[in-house]
Amino acid sequence: MENFNISKDGFYGDFGGAFIPEMLHPNIEELQKNYIKISESSEFIKEFNQLLKDYVGRPTPLYFAKRLSKKFNTKIYLKREDLCHTGAHKINNTIGQILLAKKLGKKRIIAETGAGQHGVATATVCALMGVECIIYMGEIDITRQAPNVARMKMLGAKVRPAKSGSKTLKDATNEAIRDWISNPIDTHYIIGSVVGPHPYPDMVARYQSVIGYETKKQLIKVEKTEKPTHVIACVGGGSNAAGLFYPFLNDKDVKIICVEAAGKGVNTGESAATSILGTEGIIHGSKTLLMQTNDGQITEPYSISAGLDYPGIGPMHANLFRTKRGEFVSIDDNDAMKWGLLLSQMEGIIPAIETAHAFAVLEKMKFSKSDIVIFNCSGRGDKDLDTYINYFKL
Amino acid sequence: MENFNISKDGFYGDFGGAFIPEMLHPNIEELQKNYIKISESSEFIKEFNQLLKDYVGRPTPLYFAKRLSKKFNTKIYLKREDLCHTGAHKINNTIGQILLAKKLGKKRIIAETGAGQHGVATATVCALMGVECIIYMGEIDITRQAPNVARMKMLGAKVRPAKSGSKTLKDATNEAIRDWISNPIDTHYIIGSVVGPHPYPDMVARYQSVIGYETKKQLIKVEKTEKPTHVIACVGGGSNAAGLFYPFLNDKDVKIICVEAAGKGVNTGESAATSILGTEGIIHGSKTLLMQTNDGQITEPYSISAGLDYPGIGPMHANLFRTKRGEFVSIDDNDAMKWGLLLSQMEGIIPAIETAHAFAVLEKMKFSKSDIVIFNCSGRGDKDLDTYINYFKL
Amino acid sequence: MNRINQTFQNKKDILSIYFTAGFPKLDDTLKIIRELDNSNVDMIEIGLPFSDPLADGPTIQKSSEKALKNGMTTDLLFNQLRGLRSITDIPIVVMGYFNPILQYGFDKFCINCKKSGIDGLIIPDLPVDIYKKSYKSKVENYGLNMMFLITPQTSNDRIHVIDEISKGFIYMVSSFGVTGARDNFDEYQIEYFERIKEMKLSNPLLIGFGISNDKTFKSACENSNGAIIGSAYIQHLKNYGVSKTNDFIEKIKF
Amino acid sequence: MNRINQTFQNKKDILSIYFTAGFPKLDDTLKIIRELDNSNVDMIEIGLPFSDPLADGPTIQKSSEKALKNGMTTDLLFNQLRGLRSITDIPIVVMGYFNPILQYGFDKFCINCKKSGIDGLIIPDLPVDIYKKSYKSKVENYGLNMMFLITPQTSNDRIHVIDEISKGFIYMVSSFGVTGARDNFDEYQIEYFERIKEMKLSNPLLIGFGISNDKTFKSACENSNGAIIGSAYIQHLKNYGVSKTNDFIEKIKF
Ligand SMILES: Cc1ncc(COP(=O)(O)O)c(C=O)c1O
Ligand SMILES: Cc1ncc(COP(=O)(O)O)c(C=O)c1O
């Protein structure tokens, strides 16, 4: 059987690995050597599960969307990650990593953030544990995501602007890595998606896999099967998708659908549809698909949603794309916004714009009456209200 | 045994009743006759519980606040209503009432809102059910709570400004009642707190009582007792408090603490500490304590938190106050804001400013090491970010 | 005999005019009453302004707000009404929301009404059952009439209860909705008027809410003992002032 | 024999200077090399600019950004380097991040390096194990040296591995942190230099990151075979231009 999980040396097929400067070697090696051992220890599992339950609010519901199902004449379920504490799936991962960091004796946490969701989730767990927290964020993102900046500050985190390059997520990531290089001993870097050098993609996917495992358990109660026919998620770096897909990766009865942001259109030069526009390369320590010039300079993607606005995808997803295990669909700004409104008005759930992209698939693909279609409702739209207001002139 | 629940004729001690114009009589009578029957029918219970679980995300966790407990040397638990869909306890009630309205054959929903939380919760359940929704909101509140206005509009609700009086919650309530008078047959009015004419206070308390019943069940697992020593909640109209207190009302081993907003200080003339400043009277169809002039004109309260900015309290709470069953504490703007920040930085939970008031009690009262203190963490602070930003110059 | 009952015995097509005490000016109360009396209206309702008049439409609401801003209070109203009975003999009703009356003291309120020469009360948010239980005997002891409302939605059974407890007249709310001037009656309203007529109640009926012109007034009179005009008169007061009251009344009466 | 190895055989207190190709002006590459050669530096590192230079501090980052904006590409650099060996005989190393090299084609890159007269490569984000598995034989076939980095955090075991795989010299990162000029060495750095000295590695050592002046250069030379200066020189280029290179070098050399 083909295996879509990570290999022992940190690769998904051709993708993955740890392409890091020597300065990061001790940190990365420490993680590589310890992440599975710690994450699978009964003490860790107990603490992790308890925090997911009592603090994050898990299990998140698997919600049968009645009106949507009727309209599209199929069975549509929403995995409600929007109900997680702080408003998105991101916190599953930060809870896992903060516990790991504590076990490794780290005293200081750094993270990058784009839309600010991961920054908030990181600042949150640092407040919870009483650990120093520094968040790197592109100078431009700091301006456009002001409410999340305020949340991070409320939570006691320091927000440091990344002023280089395009001053967005990619540059914030560079800055975080630079900080880590400069503080190799006491600092843990909490990466926010299934990107970065091995073991991050697998580590983040494992912490997010609670989404998929819960879905299985919940599905059997309502549909008497653990197997949906389709699992669908938006892909920025790919963590919410990886979390939902995880238990289904090697089960080919379950169709995997990855939804990327087409921005203003795949061929407009303002897009974030990495699988179509990207080529193999190395970004932030990982071999994967990424958007770049012929010359290997990483280009700045565009999407109306700041969380999908990353020039790469995780190596797991690059492999899903290359092997055709996953189907990749790209959705442009307008369709995403339309679906943000539609989900709000049909189900009373205002999704994050990232999340809205996933739902737009309902008009791009055909589903049959007996299909069981699971959407990862990765986050709530509160952070995007300004964008919605401006777009719809509310 | 003294009974702190509602009497058959709709009173809590001296308070309650239905002081309504004749035009509302059929609507109110219909509710009085049917609300218990319907709410206790197995069909209703099933639908209600299912939506609370799959849609709202219940049970909400009972979270042991480790760092806070350590700091105050007692056992502090947070009932995490901030994790409910839409961000506050308000939706428990709107789910109940929309189901009731459907059973009564209503086709149109109206509601009043102050901070916008109840408006959002109402617009949400209306979208869920595909029912027309009109929200009345003071013209001033529409300006100061712009994000929640946008959320309601995203959800398909019409937001109508109340332009009379002080143009805030009280006036929005008047407008909603006027609408109901004008549309007595097909319309249900979803009141957002335990206020208004009988049966609203009891009906809303019942729908919110899931908070208290869950707490009991959860507490027994962690503390081997169903009985906390203290239950603490902020009181605007009083619905989150009523929901938490409900199963403990008649159990005098459990201390009930109601936290009101002192605004700029109880005696500054800019306060919302109704129990101290109020006198017996009638507001929105209910006999209760309210803030009024000697002449019986209802005065405009003030609090930095829009959700506590109501000149009355529910009749249940008026009775808790008069009978001394409940202890009433008032917390001013500055202490509330301080505690908003403190809870954020100590537990990673940014509370609504309403909610923050409750926590400030920790510095006003002494608790012992073995006390089990339950706070209703009634809502999240996202809606209040602007206020926090301006206050703390974040 | 109470002036209200007398009026209904002696007259038909009763025109009762509502105004808010303290509007447009704080001390217009007696001036308005004099103007109305001079214009030959049959009855007057004085509205005690309230901060939260939830049964009233925008016109009366705004007049209440203005009146309160002008400084109107319950005490002041009774002061103003001292000369009342030296200027008019027609029945006068006070309409007030329950809370200001409660704060004033229900008994004191009744006593002062009686002293001022007031004939009856309308308290729109005092429910029938509570009235019966706690206030009816007081009101009747002071020789005041209490009038209640019925609406198109009120059941026949309940109308009988209200008829039994009311003294003076029954205030027949013409439509679904709060106070406010309308141009015409709908079919459902006419049907409702018919239904009530057939019930042959012991109290006379005045139709209120939405009476604004000769046409609606005439139609009301055809279906009851007369009508109450509020918002349309308040609007007239606002536009043309107290002294033009007669112009307004002339156009209504037929 | 590779010019790098020759240099270490013949000289001590090696001064190697880093600059970013395409900075300050697009076509400064050869000019800078000529100036450095004239100033008697011992070795030159040409930085291939990259959009995301995550091991570099702000000075080198900004020079990369500027170089890319100026239009620098891998192809263009090789074009510029055509005349390289007619103007200098000192060893030249290219330092580039892995992605641009991959996109160019690893083999093609090596071939063009060789053709241009480049002596060695530093690819900071190409890990030792992947190099060993997939690229070492290629690099060595083209007669190029590959240099790797060690840091204060690198374990002795790993340093031995790196020593074994490196050819030319070992790039000894002086401190925790990214590139950037510093004034002084800390105690922990001196201890680290001592530790490495005692290991008696087969490759010579150049200390890099944080060398900015005669003092730090001298101290580096006392602890190794010499040093690499990057940020400080880039800053000088920015402030004073290419033609003042000699002023900078004079102040460093002792
Ligand atoms: C709600 C939400 N969904 C999805 C994403 C995309 O990230 P990922 O692809 O790692 O799930 C983000 C990133 O901020 C997000 O906030
Ligand atoms: C989070 C939150 N808590 C408390 C309140 C106060 O209402 P109540 O007293 O009815 O719980 C509100 C009202 O908007 C609220 O949003």
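Residue numbers (the numbering used here), protein chains in the order written: chain U, 24 to 417; chain W, 24 to 417; chain V, 15 to 268; chain F, 15 to 268. Every residue, glycine too, gets a C-beta built ideally from N, C-alpha and C.
- Task: Measure the C-alpha to C-alpha separation of U/Gly349 and U/Ile279 and round it to an integer number of angstroms.
- Result: Put simply, the backbone Cα of U/Gly349 is about 5 Å away from that of U/Ile279.
- Task: Under 6 Å Cβ to Cβ from U/Phe87, same chain only, skipping five residues before and after it: list those, please.
- Result: Cβ neighbours of U/Phe87 beyond the five flanking positions: Tyr100.
- Minimum length 3: unbroken beta strand (DSSP E) runs contained in the segment 171–202 of chain V: With a minimum length of 3 residues, the continuous beta strand (DSSP E) runs that stay inside the segment 171–202 of chain V are 184–187.
- With burial defined as no fewer than 16 other Cβ atoms inside 10 Å of the residue's Cβ, what is the status of U/Gly292: buried or exposed? The residue in question, U/Gly292, is exposed, as its Cβ has fewer than 16 Cβ neighbours within 10 Å.
- Item | Member of W/Asp32, W/Met160, W/Asp105 and W/Leu272 whose CA lies at the smallest distance from the CA of U/Val79 | Closest by alpha carbon: W/Asp105.
- From U/Thr302, U/Leu178, U/Arg167 and U/Gly119, residue whose alpha carbon lies closest to that of U/Ile157: Minimum Cα distance to U/Ile157 is reached at U/Leu178.
- Message: With H, G and I counted as helix, E and B as strand and the rest as coil, what does DSSP make of W/Ala295?
- Response: Coil.
- So is V/Phe22 in contact with chain W if we call contact Cβ pairs under 7 Å? Interface criterion not met: the Cβ of V/Phe22 is under 7 Å from no Cβ in chain W.
- Query: Helix, strand or coil: how does DSSP classify W/His48 here?
  - Reply: Three-state result, W/His48: helix.
- Contacting residues, own chain, Cβ-Cβ under 7 Å from V/Phe262 (five flanking each side not counted): Within the same chain, V/Phe262 has close Cβ partners Tyr247 and His250.
- Query: Opposite W/Lys310 in the DSSP bridges: which residues?
  - Reply: DSSP output for W/Lys310 lists W/Gly39 and W/Ile305 as bridge partner(s).
- Where W/His253 falls: helix, strand or coil (DSSP): Here W/His253 sits in strand by DSSP.
- CB-CB length for U/Thr145 against U/Thr117, believed under 8 Å: About 5 Å separates the two Cβ atoms, so the contact holds.
- In three-state terms, what does DSSP make of W/Gly142? Helix, per DSSP.
- Show which residues of chain W have a CB atom less than 8 Å away from the CB atom of U/Phe87. Under the 8 Å cutoff, chain W gives Asp77.
- Proximity to F/Gly222 [Cα-Cα], best of U/Met46, U/Leu417, U/Ser30 and U/Ile29: Of the candidates U/Met46, U/Leu417, U/Ser30 and U/Ile29, the one whose C-alpha sits nearest the C-alpha of F/Gly222 is U/Met46.
- Message: Taking 7 Å as the threshold (beta carbon to beta carbon), is V/Gln167 in contact with chain W?
- Response: True, the Cβ-Cβ gap to chain W drops below 7 Å.
- Looking only at C-alpha atoms, which of V/Ala81, V/Phe183, V/Leu29 and V/Pro114 sits nearest to V/Asp56? With distances taken between Cα atoms, V/Asp56 lies closest to V/Leu29.
- Query: Of the residues that make up the segment 201–214 of chain W, which ones have a beta carbon closer than 8 Å to any beta carbon in chain V?
  - Reply: Within the segment 201–214 of chain W, the residues whose Cβ lies closer than 8 Å to some Cβ of chain V are Arg201, Ile204, Ser205, Asn206, Pro207 and Ile208, listed in chain order.
- Query: For W/Asp355, does the three-state DSSP call read helix, strand or coil?
  - Reply: DSSP places W/Asp355 in strand when its eight states are reduced to three.
- At a Cβ threshold of 7 Å, is U/Phe71 touching chain F? Taking Cβ atoms only, chain F never reaches closer than 7 Å to U/Phe71, which makes this a no.
- Message: Looking at chain U, is there any beta carbon in it that lies within less than 7 Å of the beta carbon of F/Gln249?
- Response: It does not; no Cβ of chain U falls within 7 Å.
- Cβ contact check for the segment 170–181 of chain F and the segment 209–225 of chain F: 3 or more pairs under 8 Å: Verdict: yes, contact present.
- Query: DSSP beta-bridge partners for F/Asn113?
  - Reply: Paired residues: none, contrary to the question.
- Query: Is W/Gly404 closer than 7 Å to W/Ala19 when the C-beta atoms are compared?
  - Reply: Any answer about residue 19 of chain W is impossible in this case: the structure gives chain W only from 24 up to 417.
- Query: Can you list the residues of chain F that U/Lys193 reaches, using a CB-CB cut of under 7 Å?
  - Reply: In chain order: Asp66.
- Query: If contact means a Cβ-Cβ distance below 9 Å, which residues of the segment 122–145 of chain F contact chain U?
  - Reply: Only those residues of the segment 122–145 of chain F whose C-beta falls short of 9 Å from the nearest C-beta of chain U are listed: Pro138, Asp139, Leu140, Pro141, Val142, Asp143 and Ile144.
- Distance between W/Asp356 and W/Ala284 (C-alpha atoms, nearest Å): Spanning the two alpha carbons is a distance of roughly 7 Å.
- Message: Buried or exposed, going by whether 16 or more other CB atoms sit within 10 Å of the CB of W/Thr196?
- Response: Burial call: buried.
- Query: In its own chain, which residues sit with a C-beta less than 6 Å from the C-beta of U/Tyr58, not counting the 5 before and 5 after it?
  - Reply: Closer than 6 Å at Cβ, skipping near neighbours: Pro222 and Met226.
- Query: What is the DSSP secondary structure of V/Lys267, counted as helix, strand or coil?
  - Reply: In this structure, V/Lys267 counts as coil in the three-state DSSP scheme.
- Query: Start and end of the beta strand (DSSP E) containing U/Met160?
  - Reply: Here the beta strand (DSSP E) through U/Met160 covers Glu155 to Gly161.
- Item | Rounded C-alpha distance that separates U/Gly39 from U/Gly337 | In this structure, the straight-line span from the alpha carbon of U/Gly39 to that of U/Gly337 is close to 8 Å.
- For V/Lys25, I'd like the list of residues in its chain whose CB is within less than 7 Å of its CB, leaving aside the five on either flank, ordered along the chain. Hits under 7 Å: Asp56.
- Complete beta strand (DSSP E) runs within the segment 109–165 of chain F (minimum length 3 residues, chain order): DSSP runs (the beta strand (DSSP E)) wholly in the segment 109–165 of chain F: 134–136.
- Task: Determine whether the Cβ of V/Gly114 lies closer than 7 Å to any Cβ atom of chain W.
- Result: According to the sequence shown, residue 114 of chain V is Pro rather than Gly. Yes - at least one Cβ of chain W is within 7 Å of the one on V/Pro114.
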